[in-house]
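Data block below; observations after.
Number of protein chains: 2
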Amino acid sequence: MQQPPPQDSDSGAQADRFNQARTAKAMTLLEDYTEMIDDLVQAHGEARITEIAHLMGVTHPTAAKAVARLKREGLAVSRPYRGVFLTEAGSAMAASVRARHRIVVDVLLALGVPAEAAETDAEGMEHHVSEATLAAFEAFLRRKDQSAP
Amino acid sequence: MQQPPPQDSDSGAQADRFNQARTAKAMTLLEDYTEMIDDLVQAHGEARITEIAHLMGVTHPTAAKAVARLKREGLAVSRPYRGVFLTEAGSAMAASVRARHRIVVDVLLALGVPAEAAETDAEGMEHHVSEATLAAFEAFLRRKDQSAP
DNA sequence: TCGCAAATGAAGCCTAGGCTACACTTTTGT
DNA sequence: ACAAAAGTGTAGCCTAGGCTTCATTTGCGA
Numbered sequence: 030m031q032q033p034p035p036q037d038s039d040s041g042a043q044a045d046r047f048n049q050a051r052t053a054k055a056m057t058l059l060e061d062y063t064e065m066i067d068d069l070v071q072a073h074g075e076a077r078i079t080e081i082a083h084l085m086g087v088t089h090p091t092a093a094k095a096v097a098r099l100k101r102e103g104l105a106v107s108r109p110y111r112g113v114f115l116t117e118a119g120s121a122m123a124a125s126v127r128a129r130h131r132i133v134v135d136v137l138l139a140l141g142v143p144a145e146a147a148e149t150d151a152e153g154m155e156h157h158v159s160e161a162t163l164a165a166f167e168a169f170l171r172r173k174d175q176s177a178p
Numbered sequence: 030m031q032q033p034p035p036q037d038s039d040s041g042a043q044a045d046r047f048n049q050a051r052t053a054k055a056m057t058l059l060e061d062y063t064e065m066i067d068d069l070v071q072a073h074g075e076a077r078i079t080e081i082a083h084l085m086g087v088t089h090p091t092a093a094k095a096v097a098r099l100k101r102e103g104l105a106v107s108r109p110y111r112g113v114f115l116t117e118a119g120s121a122m123a124a125s126v127r128a129r130h131r132i133v134v135d136v137l138l139a140l141g142v143p144a145e146a147a148e149t150d151a152e153g154m155e156h157h158v159s160e161a162t163l164a165a166f167e168a169f170l171r172r173k174d175q176s177a178p
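Taken in order, these protein sequences are the chains called A and B.
In terms of the working numbering, the first sequence opens at residue 30 and continues consecutively.
In terms of the working numbering, the second sequence opens at residue 30 and continues consecutively.
This is how it looks when you write it as structure tokens:
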């Protein structure tokens with residue numbers, strides 16, 4: 030799932046990178062909404078469309094469309110005029126997204142990025158952090174903690 | 030250009046971050062293509078649609094549409110059935126994009142990310158690296174160089 | 001309890017960025 | 001010199017993800 034088959038020439042490697050970036054970009058909506066819904070359910074017991082929309086900075090029809098997509102993908106469930114909830118798959122995604130987000134922010138902070146910028150940039154960067162990179166980030170943070178306990 | 034006006038409540042901060050991530054996402058196409066065209070012009074004296082498409086991993090009509098957008102935005106010029114070239118604005122963007130890309134890759138490598146993953150992830154992450162974060166990255170790399178010359 | 005405000009849903013429009021199919025130049029090899 | 005091949009352009013279709021507008025449902029307060 031990480032190395033697609035090598036192409037004809039060397040230019041394939043370059044193309045593969047862009048294709049992976051495009052794939053990651055397509056996942057961002059799913060990831061952002063599942064995390065948001067998980068937050069809201071933990072905070073209020075349910076996630077309402079209007080609140081999701083407000084926090085995401087979009088209009089409610091946009092949020093509703095996103096939730097419809099989550100439902101299509103089996104990540105969320107909801108009944109008309111009722112709150113939205115995550116399925117098990119959705120919760121799992123939310124958990125890993127949140128963990129990854131925290132690690133990315135921590136790495137940025139450790140590198141000396143100002144807190145506000147770290148939060149903002151992490152929001153976009155996190156979706157492009159592969160397993161390999163995430164593992165390296167975790168190892169880096171562990172080293173940091175050891176050297177400065 | 031970095032801090033939009035504060036919203037009503039605190040939820041505005043969250044929404045602002047997502048909005049910035051969306052803006053950055055919208056810039057990725059422009060940035061990727063200008064850098065690619067710059068590479069090709071430096072290598073071959075011109076950038077051909079077919080080669081751009083091949084390297085970007087898309088079909089040529091898609092590349093042609095992207096180039097049309099670059100022209101609309103004043104970043105590139107071209108005449109029918111001839112190569113594509115960057116304007117001064119396009120060259121400037123390519124230069125800063127390339128510089129940022131190199132820094133992001135270097136930071137990932139310095140953190141212990143494997144080379145292949147660093148290249149791939151940087152391709153997506155770089156577009157979300159703000160000026161503040163970039164500055165912190167550069168400072169971090171300078172420190173690294175000093176401690177291990 | 002019942003009426004109105006707030007929340008949700010539904011429909012339709014727009015742009016970006018993919019694609020295929022087909023038409024037309026340009027280039028190239030014989 | 002010209003025909004085939006390669007490269008470009010054009011048209012049209014699709015999905016995602018924004019938006020506005022309008023209809024419907026909830027639920028709360030008078």
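Glycine residues also receive a C-beta, built at the ideal position from the N, C-alpha and C atoms.
What residue does the alpha helix (DSSP H) around residue i start on, and which one ends it?
{"i": "L99 of chain B", "result": "H89 to R101"}
{"i": "S125 of chain B", "result": "E117 to A139"}
{"i": "S159 of chain A", "result": "From DSSP, S159 of chain A is part of no alpha helix (DSSP H); its letter is neither H nor E."}
{"i": "A82 of chain B", "result": "I78 to M85"}
In its own chain, which residues sit with a C-beta less than 8 angstroms from the C-beta of residue i, not counting the 5 before and 5 after it?
{"i": "P33 of chain A", "result": "Bear in mind that the predicted position of P33 of chain A carries a pLDDT of just 36, short of 50, making it too unreliable to give a figure here."}
{"i": "S38 of chain B", "result": "Reliability fails at S38 of chain B, whose pLDDT of 46 lies under 50, so the model's placement of it is uncertain and the value that follows must be treated cautiously. Closer than 8 angstroms at the Cβ level, and outside the excluded window around S38 of chain B, lies no residue."}
{"i": "A144 of chain B", "result": "L138"}
{"i": "F114 of chain B", "result": "I66, V70, E75, A76, A105, V106 and S107"}
{"i": "M30 of chain B", "result": "Note on M30 of chain B: pLDDT 33, under 50, position unreliable in the model; the coordinate value appears next. Result list for M30 of chain B: empty, nothing under 8 angstroms."}
{"i": "A168 of chain B", "result": "none"}
{"i": "D150 of chain A", "result": "L137 and V142"}
Once the 5 residues before and after residue i are set aside, which same chain residues still bring their CB inside 7 angstroms of it?
{"i": "A95 of chain A", "result": "L58 and Y62"}
{"i": "L163 of chain A", "result": "R129 and I132"}
{"i": "T116 of chain A", "result": "G103, L104, A105 and V106"}
{"i": "A82 of chain A", "result": "T88, H89, T91 and A92"}
{"i": "V126 of chain B", "result": "E60, T63 and E64"}
{"i": "A177 of chain A", "result": "none"}
{"i": "A161 of chain A", "result": "none"}
{"i": "L84 of chain B", "result": "M65"}
{"i": "V120 of chain A", "result": "With the sequence shown as reference, residue 120 of chain A is identified as Ser, and Val is not the correct amino acid for it. Once the five neighbours on either side are set aside, the close Cβ partners of S120 of chain A are D67."}
Cβ closer than 9 angstroms: which chain A residues qualify as neighbours of residue i?
{"i": "E167 of chain B", "result": "Under the 9 angstroms cutoff, chain A gives no residues; its nearest Cβ is about 10 angstroms from E167 of chain B."}
In chain A, what lies closer than 7 angstroms to residue i by C-beta?
{"i": "M85 of chain B", "result": "A44 and F47"}
{"i": "E148 of chain B", "result": "R46"}
{"i": "A50 of chain B", "result": "E152 and G153"}
Measure the beta-carbon distance from residue i to residue j and round it to whole angstroms, keeping in mind my assumption that it falls under 8 angstroms.
{"i": "H157 of chain A", "j": "M154 of chain B", "result": "5 angstroms"}
{"i": "E152 of chain B", "j": "A50 of chain A", "result": "5 angstroms"}
{"i": "D135 of chain A", "j": "L170 of chain A", "result": "6 angstroms"}
{"i": "A165 of chain A", "j": "G141 of chain B", "result": "4 angstroms"}
{"i": "K54 of chain B", "j": "K54 of chain A", "result": "6 angstroms"}
In chain B, what lies closer than 8 angstroms to residue i by C-beta?
{"i": "D135 of chain A", "result": "The contacting residues do not exist; D135 of chain A stays about 12 angstroms from chain B at best."}
Using C-beta distances below 6 angstroms, list every residue in its chain close to residue i, excluding the 5 sequence neighbours before and after it, in chain order.
{"i": "I78 of chain B", "result": "H89, A92 and A93"}
{"i": "Q43 of chain B", "result": "none"}
{"i": "Q36 of chain A", "result": "With a pLDDT of 39 at Q36 of chain A, under the threshold of 50, the predicted position of this residue should be treated as unreliable, though the coordinate-derived value follows. Correct list: empty, nothing qualifies."}
{"i": "G112 of chain B", "result": "E75, A76 and R77"}
Residue i touches chain A at which residues, Cβ-Cβ below 8 angstroms?
{"i": "K54 of chain B", "result": "K54, T57 and G153"}
{"i": "R70 of chain B", "result": "Per the sequence presented here, residue 70 of chain B reads as Val, with Arg not at that position. By Cβ distance, chain A contributes nothing, its closest Cβ being about 16 angstroms from V70 of chain B, past 8 angstroms."}
Based on the DSSP secondary-structure assignment, which residues constitute the bridge partners of residue i?
{"i": "S107 of chain B", "result": "B:V113"}
In chain B, what lies closer than 7 angstroms to residue i by C-beta?
{"i": "V142 of chain A", "result": "A161, T162 and A165"}
{"i": "H157 of chain A", "result": "D150, G153 and M154"}
List the residues of chain B that residue i touches, going by C-beta distances under 9 angstroms, in chain order.
{"i": "D61 of chain A", "result": "F47 and A50"}
Does the ligand FMN have even one heavy atom less than 6 angstroms from the beta-carbon of residue i?
{"i": "V106 of chain B", "result": "For the ligand FMN, the structure offers nothing, since it holds no ligand at all."}
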